[in-house]
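*Asks:* Chain order of the listed sequences is A and B.
Count along the first sequence starting at 1, add 56, and that's the number in the working numbering.
Count along the second sequence starting at 1, add 140, and that's the number in the working numbering.
For glycine and all other residues, C-beta sits at the position ideal for the given N, C-alpha and C.
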Amino acid sequence: MNQRRRARVVLAALVLVSLVLVTADFRSDEGGPLDGVRRVATAVFAPVQASATAVVEPVARLLGGIGDLASTFEDNQRLRDRVAQLVERRRSTEDVERENDELRALLEMREGRGWETVTATTIGIGPSNYEWTITIDVGTEDGVSEDMAVVDGDGLVGRVVLADRSSSRVLLTIDPNFASAARVAGNGEVGNLSGRGSELLLLDLLDPGAEVGPGDEVVTSSYAFGVFPAGVPVGVVEDLEQETPDLTRSVRVRPYVDFTSLGTLLVVRTFPVEEPPEVPLSPGRELDPPQLVPDEEPEADAPDGDEPAGDGDGDGVET
Amino acid sequence: MIARLSVVALLVVTLLVVQTAVLPALTVGGYRPDLVLLVVVAIAVTDGAEPGVRVGFVGGLLTDVLLQTSALGVAALSFSVVGWLVGLARPYLAPQSLTAPLLLGFGGSFVGELLLGLLARVLGGEPAPLRLVIQAAVVVGVVHTLLVPLALRVARALSVRFPAEGTAVSR
Chain A
57 MNQRRRARVV LAALVLVSLV LVTADFRSDE GGPLDGVRRV ATAVFAPVQA SATAVVEPVA
117 RLLGGIGDLA STFEDNQRLR DRVAQLVERR RSTEDVEREN DELRALLEMR EGRGWETVTA
177 TTIGIGPSNY EWTITIDVGT EDGVSEDMAV VDGDGLVGRV VLADRSSSRV LLTIDPNFAS
237 AARVAGNGEV GNLSGRGSEL LLLDLLDPGA EVGPGDEVVT SSYAFGVFPA GVPVGVVEDL
297 EQETPDLTRS VRVRPYVDFT SLGTLLVVRT FPVEEPPEVP LSPGRELDPP QLVPDEEPEA
357 DAPDGDEPAG DGDGDGVET
Chain B
141 MIARLSVVAL LVVTLLVVQT AVLPALTVGG YRPDLVLLVV VAIAVTDGAE PGVRVGFVGG
201 LLTDVLLQTS ALGVAALSFS VVGWLVGLAR PYLAPQSLTA PLLLGFGGSF VGELLLGLLA
261 RVLGGEPAPL RLVIQAAVVV GVVHTLLVPL ALRVARALSV RFPAEGTAVS R
């Protein structure tokens with residue numbers, strides 16, 4: 057067999073193996089054997105990545121800084137604009153705070169009150185240009201589990217998608233696979249937030265008539281499918297993305313977090329859950345919940361009483 | 141053969157560690173070079189299609205297990221095909237040409253990154269925008285072109301010390 061033909065045979069065999077792996081990965085559930093392979097890879101690579109990061113990070117940052125020198129002036133101007141924007145935002149937030157109880161509660165959440173958190177350090181980043189993930193140095197033995205929110209001082213960073221014993225993988229908010237409920241802080245308009253890689257985040261507002269404009273702050277929401285604590289800052293509305301013919305409207309959101317320089321982070325282990333509003337009762341009617349567990353064992357020979365046996369409240373409903 | 145396999149595996153793992161721990165600070169236009177893809181191209185230029193396919197598969201598979209949202213096997217498939225394509229073009233290169241390896245480096249890296257992005261779009265979860273995939277492929281291709289001479293030195297040293305089965309080094 058000549059070399060060219062042999063190469064074709066090897067290629068065909070390995071392509072077949074790759075396709076089998078792809079198919080098996082598609083069909084396997086979360087926590088399946090292929091997920092276990094990823095877990096092992098994370099556990100093996102994490103300590104090496106942590107050591108490598110600790111040793112070469114200062115040098116790498118220095119080299120990265122030299123590479124970015126050309127854009128320093130542009131960055132300087134952008135940061136000046138950002139400072140002005142933040143000052144303006146702070147003023148407007150303080151104004152609303154005096155008038156709006158909801159936003160006051162939001163700010164309290166923003167300060168992290170009531171959160172139980174674990175401090176984490178970024179030790180690695182995903183190997184592909186098409187996937188926005190990081191590896192952090194805390195795992196299940198630190199109380200971290202999948203779907204927990206990860207934040208930094210600026211706002212929402214992402215969520216834990218794979219937790220091993222001492223390290224975890226975090227899907228960043230800019231990844232196209234990321235989705236979360238979010239709302240506009242100023243007027244409470246809710247929508248679905250999703251990542252788009254190196255482009256700005258996209259917020260699909262549920263109300264196409266919502267009044268949302270550039271500069272409005274976007275925070276996480278506990279509405280519907282939201283799994284994050286409410287009120288975590290996400291970013292600021294940049295502009296209107298498109299007016300779709302369906303019932304949604306999309307705006308582009310510039311995230312607060314700088315995803316190119318993630319360092320120390322917080323994993324939110326627990327957070328207070330917003331209580332559902334109380335249902336008002338009709339006047340004169342008291343709530344009498346059915347007794348699910350009897351206090352006493354029923355007697356063997358039930359006496360022929362005036363009331364039907366069972367619920368004890370006279371409404372005839374058996375419990 | 142076992143010695144070569146061990147050295148290649150060690151090289152690929154080292155490059156993956158560098159890529160995931162060090163390179164985040166060294167991005168060009170927001171995109172990072174893919175060192176594993178680069179070494180696959182270099183080995184295919186040096187040793188031919190079959191070693192290129194094998195290293196592409198192993199390197200791609202190791203990349204796959206560090207990916208989260210793409211299906212396992214996507215990088216293995218992409219890098220194997222690149223190893224084969226570059227190896228196919230190798231006999232048509234003038235041995236002393238300086239530009240031919242650079243062109244192959246750009247072409248192989250561009251195709252590899254494009255294939256990885258497109259397959260991730262088709263076989264992954266929520267796809268990255270197509271414009272982003274093309275941008276990444278162009279940037280990675282250009283950066284790899286600059287890194288190809290260094291990668292070829294490594295691949296040739298590897299080929300001299302641990303020759304691939306049934307191949308001869310082109311110098």
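Looking at the secondary structure, which residues open and close the alpha helix (DSSP H) in which A216 of chain B lies?
*Replies:* Walking along the second sequence from the start, residue 216 of chain B turns up at place 76. Unbroken alpha helix (DSSP H) run through A216 of chain B: 214 to 229.
*Asks:* At least one CB of chain A closer than 8 Å to the CB of R293 of chain B: is that the case?
*Replies:* Working through the second sequence from its first residue, we reach residue 293 of chain B at position 153. Judged by the 8 Å Cβ criterion, R293 of chain B is not in contact with chain A.
*Asks:* Quick check on this structure: which residue in A:E245, A:D131, A:V217 has the alpha carbon closest to the alpha carbon of D91 of chain A?
*Replies:* One-based indexing of the first sequence puts residue 91 of chain A at position 35. Selected option, being the one with the closest Cα: A:V217.
*Asks:* Quick one: is S184 of chain A buried, meaning 16 or more other Cβ sit within 10 Å of its Cβ, or exposed?
*Replies:* By 1-based counting over the first sequence, the position of residue 184 of chain A is 128. That one is buried.
*Asks:* Have a look at B:V280, B:L263, B:A240 and flag the residue whose alpha-carbon is nearest the alpha-carbon of L292 of chain B.
*Replies:* On the second sequence, residue 292 of chain B is found 152 positions in, with the first residue counted as 1. For L292 of chain B, the nearest C-alpha among the options comes from B:A240.
*Asks:* Decide yes or no for the touch test of the stretch 94 to 104 of chain A against the stretch 209 to 224 of chain A: beta carbon pairs closer than 8 Å, at least 3 of them.
*Replies:* Contact holds: three or more Cβ-Cβ distances are below 8 Å.
*Asks:* For the stretch 249 to 262 of chain A, enumerate the residues whose C-beta is nearer than 7 Å to any C-beta of chain B, in chain order.
*Replies:* Answer set for the stretch 249 to 262 of chain A: R252, G253, S254, E255.
*Asks:* So A149 of chain B contacts chain A; which residues on that side make the cut at Cβ distance below 8 Å?
*Replies:* In the second sequence, counting from the first residue as 1, residue 149 of chain B sits at position 9. In chain order: nothing, as chain A lies at least about 13 Å away.
*Asks:* Leaving out five residues before and five after R308 of chain A in sequence, what residues of the same chain have Cβ atoms less than 6 Å from its Cβ?
*Replies:* Here residue 308 of chain A corresponds to residue number 252 of the first sequence, with the count starting at 1. Closer than 6 Å at the Cβ level, and outside the excluded window around R308 of chain A, lie L256, E294, D295, E297.
*Asks:* Return the CA-CA distance between M204 of chain A and G242 of chain A, expressed in angstroms with no decimal places.
*Replies:* Here residue 204 of chain A refers to the residue found at position 148 of the first sequence. Here residue 242 of chain A refers to the residue found at position 186 of the first sequence. Near 26 Å, if we compare the C-alpha coordinates of G242 of chain A and M204 of chain A.
*Asks:* Could you pull the start and end residues of the alpha helix (DSSP H) that T160 of chain B belongs to?
*Replies:* Within the second sequence, numbered from 1, the residue matching residue 160 of chain B stands at position 20. First-last of the alpha helix (DSSP H) with T160 of chain B: 142 to 161.
*Asks:* Mind listing which residues of the stretch 180 to 191 of chain A have their C-beta closer than 7 Å to chain B's C-betas, in chain order?
*Replies:* G180, I181, G182, P183, S184, N185, Y186, E187, T189
*Asks:* Could you confirm whether any beta carbon from chain A is found closer than 8 Å to the beta carbon of L254 of chain B?
*Replies:* One-based indexing of the second sequence puts residue 254 of chain B at position 114. Any Cβ of chain A closer than 8 Å to the Cβ of L254 of chain B would place that residue at the interface, and such an atom is absent.
*Asks:* Judging by CA-CA distance, which residue of A:V66, A:N132, A:D198, A:S254 is the nearest neighbour of L217 of chain B?
*Replies:* Counting from 1 along the second sequence, the entry for residue 217 of chain B is found at position 77. Of A:V66, A:N132, A:D198, A:S254, the residue nearest in Cα terms is A:V66.
*Asks:* Mind listing, in chain order, the continuous beta strand (DSSP E) runs of no fewer than 3 residues lying wholly within the stretch 168 to 232 of chain A?
*Replies:* 172 to 181, 189 to 192, 205 to 207, 212 to 219, 224 to 228
*Asks:* Measure from the alpha carbon of G192 of chain B to the alpha carbon of each residue in B:I274, B:F302, B:V221, B:P231, then state which is nearest.
*Replies:* The count along the second sequence starts at 1 and reaches residue 192 of chain B at position 52. In terms of CA proximity to G192 of chain B, B:V221 leads the group B:I274, B:F302, B:V221, B:P231.
*Asks:* F219 of chain B and V176 of chain B - do their beta-carbons sit closer together than 8 Å?
*Replies:* The sequence position of residue 176 of chain B within the second sequence is 36, counting from 1. The sequence position of residue 219 of chain B within the second sequence is 79, counting from 1. Yes, they are a contact pair.
*Asks:* Output yes if chain A places a C-beta closer than 8 Å to the C-beta of P303 of chain B; else output no.
*Replies:* The residue given as residue 303 of chain B occupies position 163 in the second sequence. Not closer than 8 Å to any Cβ of chain A, the Cβ of P303 of chain B fails to qualify, so no.
*Asks:* Excluding the 5 residues flanking E155 of chain A on each side, which residues of the same chain have their C-beta closer than 7 Å to its C-beta?
*Replies:* If you number the first sequence from 1, residue 155 of chain A lands on position 99. With a pLDDT of only 47 at E155 of chain A, under 50, the local geometry of the prediction cannot be trusted, and the value read off the model is given with reservation. Closer than 7 Å at the Cβ level, and outside the excluded window around E155 of chain A, lies no residue.
*Asks:* Using a 10 Å radius around the Cβ and a threshold of 16 neighbouring Cβ atoms, would you call R252 of chain A buried or exposed?
*Replies:* Looking up residue 252 of chain A in the first sequence gives position 196. By the 10 Å Cβ count, R252 of chain A comes out buried.
*Asks:* Compute the Euclidean distance between the alpha carbons of V283 of chain A and R325 of chain A, then round it to the nearest angstrom.
*Replies:* In the first sequence, the residue the question calls residue 283 of chain A occupies position 227. In the first sequence, the residue the question calls residue 325 of chain A occupies position 269. Approximately 12 Å between the Cα atoms of the pair.
*Asks:* Comparing alpha-carbon positions, which option in B:I183, B:D187, B:L228, B:Q208 lies nearest G199 of chain B?
*Replies:* Along the second sequence, one-based indexing puts residue 199 of chain B at 59. It is B:I183.
*Asks:* Determine, using beta-carbon pairs with one atom in the stretch 176 to 196 of chain A and one in the stretch 104 to 112 of chain A, whether at least three such pairs fall under 8 Å.
*Replies:* yes
*Asks:* Enumerate in chain order the residues of its own chain whose CB-to-CB distance from T175 of chain A is below 7 Å, with the five nearest sequence positions on each side excluded.
*Replies:* For this step, residue 175 of chain A is matched to residue 119 along the first sequence. For T175 of chain A, where only same-chain residues beyond five positions count, the Cβ hits under 7 Å are T320, L322.
*Asks:* Looking at the ligand HEM, does it come within less than 7 Å of Q141 of chain A, judged from the CB to the closest heavy atom?
*Replies:* You won't find the ligand HEM in this model; it holds no ligand whatsoever.
*Asks:* What does DSSP give as the partner residue(s) for G247 of chain A in the beta ladder?
*Replies:* Locating residue 247 of chain A in the first sequence gives position 191, where the first residue counts as 1. G247 of chain A is bridged to A:A238, A:L261.
*Asks:* Comparing the C-beta of Q208 of chain B with each C-beta of chain A, is any distance below 8 Å?
*Replies:* Position 68 of the second sequence, counted from the start, is the residue given in the question as residue 208 of chain B. For Q208 of chain B, the answer is yes, since a Cβ of chain A falls inside 8 Å of its Cβ.
*Asks:* Between G291 of chain A and T196 of chain A, what straight-line distance do the alpha-carbon atoms span, to the nearest angstrom?
*Replies:* Translated into positions along the first sequence, residue 291 of chain A becomes position 235. Translated into positions along the first sequence, residue 196 of chain A becomes position 140. For G291 of chain A and T196 of chain A, the distance between alpha carbons rounds to 29 Å.
*Asks:* Is it buried or exposed for R301 of chain B, if we count other Cβ within 10 angstroms and need 16 for buried?
*Replies:* By 1-based counting over the second sequence, the position of residue 301 of chain B is 161. R301 of chain B is exposed by the Cβ-count criterion.
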